[in-house]
Structure formats: structure tokens, C-alpha cells
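Here you go:
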């Protein structure tokens, strides 16, 4: 039997990202979307995690990349609900139908469209 103490994830369950953190995440996603739109995917596929690529592909509505990654809207929105609202907030957001997360992505798309 091991003498090590089990890892506790409780501190993550209570964490709630701030509006500033959500804005920074959105700005990063928009910049990545612009980079892919400008340069194509080749320069970024190996530099970003599959989850990051999926988020950018979802932002860009690139269904071909989403299919390659075997990702769908629900998985991306569910993952981002956790990023945006923390564990407890994500549970509520998922139960509510991920409406705020969808709106967050819609706002990111609007930013992407507003400046080429």
C-alpha cells in the first residue's frame, strides 16, 4: 500500500474564472483564428493541442478539421463551459443548454469578422 496522500482536486471545483480571464481567452482564440485564416492550418496543427485546434476550427466553422479531430459542437462547448465558468459554473451552464458558451463563441466570431 502506498503512503502517499491522494490528490485533491477540490481547489479546482471552486475556481471561477474572471471576466478578464474569459476576455483574454477569447482574444487568444480570435488571434489564433486570424492566424489560421491568414496562414492555413499547417503551421499550427503540431503547435497546438487537438483541443485548441478544435476550438479554432469551431470558431472558423471548419467542419473538415472538426471531422479529422473527431470533434463536434457539443464536445467543444462542454469543454469551453469549464474553461469559461469553472467546474460548478459549467455544470449549471451545461444544464441550461450551453447558451452562454454559444454566445461567447458568437461574440468571438463577430470579433473575427470585424477585423480581417
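Numbering (our numbering), first residue to last: 88 to 203.
Just so you know, even glycine gets a beta-carbon here, dropped at the ideal spot from N, CA and C.
Three or more beta-carbon pairs under 8 Å between the stretch 178-186 and the stretch 115-127, yes or no? no
Is residue 104 helix, strand or coil when you go by DSSP? coil
Buried or exposed for residue 143, going by 16 or more other Cβ atoms inside 10 Å? buried
Alpha helix (DSSP H) segment containing residue 191, residue limits: 186-201
Taking only three categories from DSSP, how would you classify residue 93? coil
Taking all protein chains shown into account, decide if residue 158 is buried (16 or more other Cβ within 10 angstroms of its Cβ) or exposed. buried
Identify, in the order they occur along the chain, each residue of the same chain with its Cβ nearer than 6 Å to the Cβ of residue 198, setting aside the five sequence neighbours on each side. 117
Hey, quick one: how far does the alpha helix (DSSP H) through residue 127 stretch, first residue to last? Note, residue 127: premise wrong, no alpha helix (DSSP H); not H, not E.
What are the start and end residues of the alpha helix (DSSP H) that includes residue 168? 160-182
Could you give the first and the last residue of the continuous alpha helix (DSSP H) run that contains residue 146? 137-147
For a test of the three-state rule: what should DSSP assign to residue 134, helix, strand or coil? coil
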